[in-house]
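As structure tokens, the structure follows; a few thoughts come after it.
Take a look at the structure:
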């Protein structure tokens with residue numbers, strides 16, 4: 001949800017997903033899709049003021065994780081299907097594509113799916 005707000009505020013046409021490899025081996029991955037306010041309302045945008053964050057509860061969507069490694073993968077086609085599904089869901093929730101994915105700490109472990117300067 002914070003990414004969706006960043007997309008809206010900054011008029012992003014795409015973004016970079018870093019550290020995908022740190023999710024390797026998790027049985028499930030969660031994505032925050034909404035927030036429950038102290039009064040019980042569910043909202044899909046983050047509060048703007050920091051003091052409005054007190055008492056809100058994230059609402060997560062759970063997706064299957066993956067046991068295969070993504071570390072060092074340099075092509076989208078080399079990613080596990082569950083990782084591709086995770087990326088696709090993030091793109092769906094934010095409304096913009098993931099342009100760059102990093103799968104390790106070295107700059108060579110980065111795949112550029114779409115040149116962000118030509119977007």
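Residue numbers (the working numbering): 1 to 119.
The C-beta atom is built at its ideal place from N, Cα and C for all residues, glycine as well.
Bear in mind that the values here come from a model prediction, so they are computed numbers and not experimental data.
Closest by C-alpha distance to residue 90, when choosing among 29, 22, 25, 24 = Taking the chain shown and counting its residues from 1, one reaches residue 90 at position 90. When only C-alpha atoms are compared, the closest one is 29.
How would you call residue 79, buried or exposed, if buried means at least 16 neighbouring beta carbons within 10 angstroms?
-> Position 79 of the chain shown, counted from the first residue, corresponds to residue 79. The residue in question, residue 79, is buried, as its Cβ has 16 or more Cβ neighbours within 10 Å.
Residue 110: first and last residue of the uninterrupted beta strand (DSSP E) it sits in = Your numbering for residue 110 matches position 110 in the chain shown. Taken as a continuous stretch (DSSP letters only), the beta strand (DSSP E) holding residue 110 covers 110-112.
Would DSSP call residue 96 helix, strand or coil?
-> Here the question's residue 96 lines up with position 96 in the chain shown. The answer is coil: DSSP assigns residue 96 none of H, G, I, E or B.
Of all the options 69, 48, 85, 88, which has the alpha carbon lying nearest to the alpha carbon of residue 104?
-> The residue you call residue 104 lines up with position 104 of the chain shown. The option with the nearest alpha carbon to residue 104 is 69.
In terms of alpha-carbon separation, which member of 117, 118, 84 lies closest to residue 17?
-> As a first step, residue 17 must be located in the chain shown, where it is residue number 17. Measuring from the Cα of residue 17, the nearest candidate turns out to be 84.
Residue 64 versus 77, 23, 45, 101, residue with shortest Cα-Cα distance = As a first step, residue 64 must be located in the chain shown, where it is residue number 64. Closest option to residue 64, Cα to Cα, is 23.
From residue 60 to residue 109, what distance separates their C-alpha atoms?
-> The residue given as residue 60 occupies position 60 in the chain shown. The residue given as residue 109 occupies position 109 in the chain shown. The alpha-carbon atoms of residue 60 and residue 109 are separated by roughly 29 Å.
Residue 76 in three-state terms, based on DSSP = Indexing the chain shown from 1 puts residue 76 at position 76. Helix, per DSSP.
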